[in-house]
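Numbering (our numbering), first residue to last: 42 to 486. We put the CB at the ideal spot given by N, CA and C, even for glycine. The structure under discussion appears below in the form of structure tokens.
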Amino acid sequence: MHKASCVGLAVDESTDMCDNAQLLVYARFFNTDQKAFCEDLLGVTPLQTSTRGEDIYQAIKEMLTKRGIEPKQVISITTDGAPAMIGREKGAVARLKADNPELIAYHCIIHQSVLCASLSDEHAEVMNTMMKMINFLRASSSYQHRMLREFLREVDANADDLLLHNNVRWLSKGRVLARFWSIRRELASFLSELSSQKATQFSLFLENEKQMDNVAFLVDITSHLNELNLRLQGKDNSVCELMTAVRSFQRKLEVFKEDLQGDCAHFPAVQEQVQGQRDLSSFVAFIDKLIVNFSNRFDSFNFGQQLTMFIQNPFLITDVSRFSKEVTQHFKWVNAGPLQMQLVDLQADVALKEQFVRTDPSTFWLQMVSETAFPGLRKVALYILTMFGSTYNCEAAFSTMNIIKTKYRSRLTNEHLHMCMRMALTPFKPRFKILARQARAQFSH
């Protein structure tokens with residue numbers, strides 16, 4: 042890692058089951074031995090007392106020093122957007138920028154997309170009622186849960202159980218809503234057979250057309266938002282790929298808006314529920330709000346379309362001056378003149394164009410494009426591909442931490458926990474044949 046010319050960081054902070062604050066940092070770099078990008082755990086460290094920007098900054102500095110990485114090698118940092126991370130003066134990012142003024146900082150794209158999808162008061166109330174109903178049917182008693190499953194089997198419903206809701210972000214409730222919608226009529230029949238006051242209230246909710254219209258819309262819109270969320274998740278996704286997914290979804294929102302004013306082809310639950318007989322202006326207003334939220338958060342995102350196009354298909358760039366201007370805004374070390382000439386030469390190379398069609402962008406830039414012929418272009422591509430677009434790796438690592446450190450292993454020391462996490466998360470595989478050849482048998486006398 043210390044040999045890499047540039048390193049991208051993803052940083053997040055969470056607490057383990059003993060309420061100890063753990064700071065986790067991932068690094069992305071080009072591995073010259075494997076000729077591929079590598080995403081590896083830079084380090085995990087406990088924040089013993091407070092989680093201020095100064096504490097996070099010092100912890101990151103210690104990790105970099107331990108790995109022999111200079112501050113100038115770190116070209117980008119992606120965080121969860123917490124105040125301690127991005128505070129203008131005392132945040133960890135501001136302090137790191139003082140060490141390296143050319144550092145590029147991003148707020149996790151996945152986090153931003155989730156923040157865009159906030160519910161209105163009316164839809165939030167419907168969602169809460171839905172979750173209460175589902176938890177009432179599934180979790181109020183074991184007997185009632187068994188009766189529900191038996192009832193659904195008897196009536197040959199599309200599913201034989203409800204999914205249990207946990208108190209997490211509302212986007213994660215999409216599967217719960219979809220399952221509920223598929224068996225809503227059977228659930229209404231089951232509730233009508235119960236004698237409790239809560240069951241009566243939920244029965245009235247299911248009979249209310251306006252409320253069910255809202256439920257249908259929530260089923261469809263959460264499906265679309267979850268589809269975006271899944272595209273943004275995963276390892277080894279460059280910032281270009283994530284921004285392409287976001288911009289694609291922004292265009293889809295315009296299509297959704299027109300569709301709600303038409304035949305609702307992209308909203309099957311709404312189409313089934315309303316059958317063109319009711320006003321959908323409140324749903325259109327919700328889409329309008331999504332459009333504005335995504336525009337506010339991502340239109341000003343300081344990663345331009347020219348850079349995205351450059352990585353994904355440099356042969357489509359037509360405005361060379363605009364491209365070089367965008368590059369120099371991000372990377373001050375770039376000389377615009379030679380970069381423009383290299384791009385023109387690259388686009389004129391028929392052999393490279395043919396190779397680009399047959400491979401992925403990362404392989405093309407780092408294995409097909411000559412560093413001798415196109416030094417500026419290749420370095421810019423390397424820097425962009427090194428950047429993290431999200432803190433997904435950190436979130437996934439925290440899930441691993443929760444598996445390792447449970448209530449049955451709560452006495453694990455921080456050092457032992459971090460060693461276990463490194464073994465579980467490392468992308469490197471032991472070379473067992475080499476280890477076996479180097480082994481020296483100890484014969485007994």
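- Message: Please tell me whether ILE116 and TYR433 are closer than 7 Å, where the distance is taken between their beta carbons.
- Response: Your numbering for residue 116 matches position 75 in the sequence shown. Your numbering for residue 433 matches position 392 in the sequence shown. The answer is no: Cβ separation not under 7 Å.
- Query: For VAL85, which of PHE372, LYS113, ASP53, THR73 has the nearest alpha-carbon?
  - Reply: Here residue 85 refers to the residue found at position 44 when the sequence shown is read from its first residue. It is ASP53 whose Cα lies nearest to the Cα of VAL85.
- Query: Can the beta-carbon of VAL48 be found less than 7 Å from the beta-carbon of GLN99?
  - Reply: Taking the first residue of the sequence shown as position 1, residue 48 is located at position 7. Taking the first residue of the sequence shown as position 1, residue 99 is located at position 58. Taking 7 Å as the Cβ cut-off, VAL48 and GLN99 do not qualify as a contacting pair.
- In chain order, which alpha helix (DSSP H) runs of at least 4 residues are fully inside the region 351–376? 361–371
- Could you have a look at GLU143 and say whether DSSP puts it in helix, strand or coil? Residue mapping note: residue 143 aligns to position 102 of the sequence shown, counting from 1. Correct three-state label for GLU143: coil.
- Query: Three or more beta-carbon pairs under 8 Å between the region 58–69 and the region 428–445, yes or no?
  - Reply: yes
- Message: Residues in the same chain with beta-carbon distance under 7 Å from VAL134, minus the five sequence neighbours each way, listed in chain order, please.
- Response: Counting from 1 along the sequence shown, the entry for residue 134 is found at position 93. Only residues of its own chain outside the window of five on either side were considered, and among them ILE118, THR120, MET126, ILE127, ALA146 have a CB closer than 7 Å to the CB of VAL134, listed in chain order.
- Message: Let me make sure I understand the geometry here. Which of LYS373, ASP329, ARG272, ILE224 has the alpha-carbon closest to that of THR285?
- Response: One-based indexing of the sequence shown puts residue 285 at position 244. That would be ARG272, whose Cα lies nearest to the Cα of THR285.
- Taking the C-alpha atoms as reference points, what is the distance between GLY412 and ILE445? Reading the sequence shown from its first residue, position 371 is the one you call residue 412. Reading the sequence shown from its first residue, position 404 is the one you call residue 445. Looking at the sequence shown, residue 412 is not Gly but Glu. Spanning the two alpha carbons is a distance of roughly 44 Å.
- Cα-Cα, which of PHE344, PHE339, PHE297, GLN318 is closest to PHE324? The sequence position of residue 324 within the sequence shown is 283, counting from 1. Of the listed residues, the one whose Cα sits closest to PHE324 is PHE297.
- Query: Taking DSSP as the reference, what is the three-state secondary structure of GLU54?
  - Reply: Locating residue 54 in the sequence shown gives position 13, where the first residue counts as 1. Note: GLU54 maps to strand in three-state DSSP.
- Item | Validate contact between the region 354–361 and the region 297–311 using beta carbons, cut 8 Å, 3 pairs | no
- Message: Does the contact criterion of 3 or more C-beta pairs under 8 Å hold for the region 76–95 versus the region 453–464?
- Response: A contact exists between the region 76–95 and the region 453–464.
- Buried/exposed call for ARG226, threshold 16 Cβ in 10 Å: Taking the first residue of the sequence shown as 1, we reach residue 226 at position 185. Result: exposed.
- Query: Taking just the CA atoms, how far does GLU103 sit from CYS79?
  - Reply: Position 38 of the sequence shown, counted from the first residue, corresponds to residue 79. Position 62 of the sequence shown, counted from the first residue, corresponds to residue 103. Whole-angstrom Cα-Cα distance: 21 Å.
- Item | Segment limits, alpha helix (DSSP H) that includes ALA478 | Position 437 of the sequence shown, counted from the start, is the residue given in the question as residue 478. Sequence check: residue 478 is Arg here, not Ala. Counted as a single uninterrupted DSSP element, the alpha helix (DSSP H) harbouring ARG478 occupies residues 473–479.
- Query: How long is the line joining the alpha carbons of THR73 and LYS214, rounded to whole angstroms?
  - Reply: Position 32 of the sequence shown holds residue 73. Position 173 of the sequence shown holds residue 214. Those two C-alpha atoms are separated by around 42 Å.
- Task: Using 10 angstroms around the beta-carbon of ASP401, count the other beta-carbons present and answer buried if the total reaches 16, otherwise exposed.
- Result: The residue given as residue 401 occupies position 360 in the sequence shown. By the 10 Å Cβ count, ASP401 comes out exposed.
- Which residues bound the beta strand (DSSP E) around SER244? Reading the sequence shown from its first residue, position 203 is the one you call residue 244. SER244: not part of any beta strand (DSSP E); member of the alpha helix (DSSP H) spanning 238–248, first to last residue.
- Query: Under the DSSP definition of a beta bridge, which residues are partnered with VAL48?
  - Reply: Counting from one through the sequence shown, the residue named residue 48 turns up at place 7. Paired residue(s): PHE70, VAL115.
- From ASP96 to LEU228, what does the alpha carbon distance come to, in whole angstroms? Here the question's residue 96 lines up with position 55 in the sequence shown. Here the question's residue 228 lines up with position 187 in the sequence shown. Distance between the alpha carbons of ASP96 and LEU228 is about 52 Å.
- Message: At the level of alpha carbons, what is the spacing between HIS186 and ASN176?
- Response: If you number the sequence shown from 1, residue 186 lands on position 145. If you number the sequence shown from 1, residue 176 lands on position 135. Straight-line Cα distance between these residues: approximately 10 Å.
- Message: Please give me, in chain order, every unbroken run of the alpha helix (DSSP H) with length at least 4 that falls completely inside the region 301–341.
- Response: 309–315, 322–339
- Message: Just to confirm my understanding: we take TRP222, look at its own chain, exclude 5 residues before and 5 after, and list those with CB closer than 8 Å. What are they?
- Response: One-based indexing of the sequence shown puts residue 222 at position 181. Cβ within range, chain order: VAL256, ALA257, VAL260, ALA310.
- If you draw a straight line from the alpha carbon of LYS239 to that of ILE224, how long is it in whole angstroms? Sequence index remark: in the sequence shown, residue 239 carries index 198 (1-based). Sequence index remark: in the sequence shown, residue 224 carries index 183 (1-based). Rounded to whole angstroms, LYS239 to ILE224 spans 19 Å at the Cα level.
- Message: Going by C-alpha to C-alpha distance, which of ASP277, LYS330, ARG179 sits closest to SER161?
- Response: Working through the sequence shown from its first residue, we reach residue 161 at position 120. Ranking ASP277, LYS330, ARG179 by Cα distance to SER161 puts LYS330 first.
- C-beta atoms of ILE352 and CYS281 nearer than 7 Å: Here residue 352 refers to the residue found at position 311 when the sequence shown is read from its first residue. Here residue 281 refers to the residue found at position 240 when the sequence shown is read from its first residue. Contact annotation: ILE352 and CYS281 have beta-carbon atoms nearer than 7 Å.
- Ends of the alpha helix (DSSP H) at LEU88? Residue 88 sits at position 47 when you count from the first residue of the sequence shown. First-last for LEU88: 77–88, but that is the beta strand (DSSP E), not the alpha helix (DSSP H).
- Using a Cβ-Cβ cut-off of 7 Å (strictly less than) and excluding sequence neighbours within five positions of GLU367, which residues of its own chain qualify? Position 326 of the sequence shown, counted from the first residue, corresponds to residue 367. The answer, listed in chain order, is GLY345, GLN347, LEU348.
- Closest by C-alpha distance to ALA465, when choosing among GLN483, LEU476, ALA438: Taking the sequence shown and counting its residues from 1, one reaches residue 465 at position 424. Cα-wise, what sits closest to ALA465 is ALA438.
- Task: List the DSSP bridge partners of PHE297.
- Result: On the sequence shown, position 256 is the one that residue 297 refers to. Partner(s): none; PHE297 has no beta bridge.
- Task: Determine the DSSP secondary structure at HIS43, reduced to helix, strand or coil.
- Result: Sequence index remark: in the sequence shown, residue 43 carries index 2 (1-based). In this structure, HIS43 counts as coil in the three-state DSSP scheme.
- Own chain, CB closer than 8 Å to TRP374, minus 5 neighbours either side, in chain order: The residue you call residue 374 lines up with position 333 of the sequence shown. Within the same chain, TRP374 has close Cβ partners GLU143.
- Query: How would you label ASP304, buried or exposed, when you count the other beta carbons within 10 angstroms and need 16 or more for buried?
  - Reply: One-based indexing of the sequence shown puts residue 304 at position 263. Per the 10 Å Cβ criterion, exposed.
- Query: Pick from MET58, GLN383, ASP81: whose alpha carbon is nearest that of PHE469?
  - Reply: In the sequence shown, counting from the first residue as 1, residue 469 sits at position 428. If we check each option's Cα against that of PHE469, ASP81 comes out closest.
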